[in-house]
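Same order as they appear, the protein sequences are chains E and L. Under the working numbering, the first residue of the first sequence is numbered 1, with each subsequent residue one higher. Under the working numbering, the first residue of the second sequence is numbered 1, with each subsequent residue one higher. In this text, a Cβ means the ideal position worked out from N, Cα and C, and glycines have one as well.
Number of protein chains: 2
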Amino acid sequence: MQELLKTVQIRVNDRIYAKDPDSSDLGRNIINESVEIIHEIGFDAFTFKKLAISLGTTESTVYRYFENKHRLLVYLTSWYWGWLEYKIVLGTSNLADPEEILQKIIAIISNPLSENQTHDLMSLEKLHNIIISESPKAFLTKLVETEVREGFFANFIRVNDRIIKVINEINPDYIHARTMASMLLDTVSNQWFLSLHFPSLTDVGMDNDRLAAFLTSITKRCLTS
Amino acid sequence: MQELLKTVQIRVNDRIYAKDPDSSDLGRNIINESVEIIHEIGFDAFTFKKLAISLGTTESTVYRYFENKHRLLVYLTSWYWGWLEYKIVLGTSNLADPEEILQKIIAIISNPLSENQTHDLMSLEKLHNIIISESPKAFLTKLVETEVREGFFANFIRVNDRIIKVINEINPDYIHARTMASMLLDTVSNQWFLSLHFPSLTDVGMDNDRLAAFLTSITKRCLTS
DNA sequence: AAAAAATAATAGTATTACTATCTTGTTTGC
DNA sequence: GCAAACAAGATAGTAATACTATTATTTTTT
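So, in structure tokens, the structure goes:
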């Protein structure tokens with residue numbers, strides 16, 4: 001399974017890119033190097049020019065793959081949620097009890113790198129870091145409406161929907177299933193971010209299981225009627 | 001009290017600005033007009049040039065008040081949290097029971113504009129909108145570390161600390177007080193945002209009390225031992 | 001009323017985010 | 001096996017952005 005994870009192709013909405021980066025060596029290099037640079041200098045300072053120089057190519061070549069750097073960030077986040085869904089599907093396939101499934105999902109989203117996973121396309125560790133500190137910028141734009149309509153965030157929505165479904169199985173009468181699901185996903189990123197930069201605002205520290213324990217306690221107390 | 005709220009001065013860390021915008025007519029116009037423009041075209045498209053033209057002045061004049069547009073956003077968010085703390089202090093001053101206080105705080109943060117408040121400095125409604133859709137950008141920068149150290153986010157941290165304190169009063173043995181507090185604040189913004197752009201991911205819709213009901217149910221179930 | 005200080009306007013520059021055009025390589029049909 | 005068609009990549013721009021430096025004007029202080 002480790003081997004499988006290393007090379008599995010994650011499906012990303014093809015409207016996000018101009019040309020599929022996963023269809024050529026240069027395209028894959030663009031993704032891999034983007035993750036490196038964004039992780040190092042942050043998304044705001046990241047430019048196609050810097051990326052092109054790093055790759056020994058030119059800006060216009062990069063533009064052939066992505067219309068602009070915002071789309072590239074959308075691609076990375078979409079890829080991440082696709083990868084996470086894959087992890088969730090694999091990790092819960094042998095479970096039947098919805099309560100157990102939810103617990104497992106919480107464990108996975110809270111700590112997606114627990115098993116020291118790798119992938120050929122890019123550094124998962126650095127991608128995870130980018131998701132925590134940059135991915136909200138993919139949503140927070142005046143163009144969200146259009147991008148939602150174009151299905152740019154389908155992978156994220158699908159992970160949400162899976163959690164909603166499990167919550168409904170545990171307690172069909174719970175009236176905040178959707179709110180609970182999106183809160184769980186948002187809280188994971190937010191608490192990771194706080195633990196890095198505002199440690200006084202969270203109890204989640206170096207202890208990786210603390211976050212999962214917190215979220216599990218909430219769902220247990222709220223969903224058992 | 002309505003009158004009082006209209007003109008009360010909110011304290012903002014003086015390192016955020018180069019010159020206090022609340023100390024001159026032009027400065028106040030800069031704030032007021034910034035809120036209008038950012039609300040209309042979004043923070044990314046907002047520039048000091050557009051602002052200057054709107055005000056009938058020049059870029060360099062704006063730069064005298066704020067080093068860059070990021071600082072201006074930090075100012076707006078800091079002002080917002082200062083204002084919210086003020087609302088919380090006023091709204092809970094007559095309460096003694098910590099459970100009641102927490103409920104009131106949740107009601108205020110979930111729906112801060114409930115009483116159709118106004119302020120001379122800027123449109124609170126538009127500021128609230130900016131907080132929901134742009135304020136994370138104030139945090140999500142490679143410079144957070146420095147900015148935290150300089151106390152740029154002190155107003156936000158203080159609101160957090162107030163909630164932590166109340167939670168500790170309700171249940172001193174609860175080990176996730178900090179995580180719970182920051183989750184409450186983050187969830188409010190996030191759910192507002194989702195209700196606007198990803199309505200399928202939340203149960204919070206046009207019904208303004210639904211969010212408060214959700215958060216109250218969580219705290220009640222988690223904090224009562 | 002003159003000197004000092006604060007404020008504003010003018011005119012730049014380096015960088016960014018693209019676009020348009022030209023050149024080279026690669027495939028495809030015959 | 002080779003020309004035609006097409007895709008990929010390089011070169012050379014441009015308009016806008018985010019500032020900065022310098023000069024001019026107003027306001028305040030003595």
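Give the interface partners of residue i over in chain E, defined as CB-CB distance under 8 angstroms, in chain order.
i	result
residue 84(L)	Result: empty, since nearest Cβ-Cβ is about 16 angstroms, beyond 8 angstroms.
residue 145(L)	197
Between residue i and chain L, is any beta-carbon pair separated by less than 9 angstroms?
i	result
residue 202(E)	yes
residue 176(E)	yes
residue 221(E)	yes
residue 34(E)	no
residue 78(E)	no
residue 113(E)	no
residue 73(E)	no
residue 211(E)	yes
residue 8(E)	no
residue 1(E)	Reliability of the predicted coordinates at residue 1(E) is poor, the pLDDT of 43 falling under 50, and the value obtained from them is presented with this limitation in mind. Residue 1(E) does not count as touching chain L.
For a contact meaning CB atoms closer than 8 angstroms, what does residue i contact in chain L?
i	result
residue 182(E)	190, 191, 194, 198, 201, 202
residue 187(E)	183, 186, 187
So with CB distances below 9 angstroms, who are the chain L contacts of residue i?
i	result
residue 148(E)	197, 198
Tell me, please, whether the CB atom of residue i is closer than 9 angstroms to any CB atom in chain E?
i	result
residue 208(L)	no
residue 160(L)	yes
residue 13(L)	no
residue 152(L)	no
residue 217(L)	yes
residue 118(L)	no
Closer than 9 angstroms by beta-carbon distance: list the chain E residues that pair up with residue i, in chain order.
i	result
residue 157(L)	198, 200, 201
Review point. Touch check for the segment 68-78 of chain L and the segment 8-19 of chain L: three-plus C-beta pairs under 8 angstroms?
Key: yes
Exercise for review: Report yes or no: do three or more beta-carbon pairs, one from the segment 214-223 of chain E and one from the segment 40-57 of chain L, lie closer than 8 angstroms?
Suggested key: no
Review point. Along the segment 123-143 of chain E, what residues have a CB closer than 8 angstroms to any CB found in chain L?
Key: 133, 134, 136, 137, 139, 140, 141, 142
Exercise for review: Entirely within the segment 142-193 of chain L and at least 4 residues each: give me those alpha helix (DSSP H) ranges in chain order.
Suggested key: 144-149, 154-170
Review point. Does the segment 14-31 of chain L come within contact of the segment 113-129 of chain L, defined as at least 3 CB pairs closer than 8 angstroms?
Key: yes
Exercise for review: With 9 angstroms as the limit, tell me which residues of the segment 39-66 of chain E have their beta carbon closer than that to any beta carbon of chain L; keep them in chain order.
Suggested key: 41, 42, 43, 44, 45
Check your understanding: Name the residues in the segment 93-107 of chain L whose C-beta lies less than 8 angstroms from a C-beta of chain E; which are they?
Key -> none
Check your understanding: Any chance the segment 144-164 of chain L sits against the segment 55-69 of chain L, with 3 or more Cβ pairs inside 8 angstroms?
Key -> no
**Study point:** Inter-stretch contact at 8 angstroms, needing at least 3 Cβ pairs: the segment 85-93 of chain E / the segment 142-151 of chain E
**Key:** no
Review point. What runs of the alpha helix (DSSP H), each 4 residues or longer, lie entirely inside the segment 78-133 of chain L?
Key: 98-110
Review point. Three or more C-beta pairs closer than 8 angstroms, one from the segment 193-202 of chain E and one from the segment 193-200 of chain L: is that the case here?
Key: no
Point to revise | beta strand (DSSP E) segments (min. 3 residues) lying fully within the segment 24-74 of chain E | key: none
Check your understanding: Do the segment 136-147 of chain L and the segment 126-140 of chain E make contact, defined as three or more Cβ pairs closer than 8 angstroms?
Key -> yes
Exercise for review: Could you tell me whether the segment 177-192 of chain E touches the segment 177-186 of chain L, using the rule of 3 or more Cβ pairs below 8 angstroms?
Suggested key: yes
Point to revise | Segment contact flag, the segment 164-173 of chain E with the segment 99-112 of chain E, C-beta cutoff 8 angstroms, min 3 pairs | key: yes
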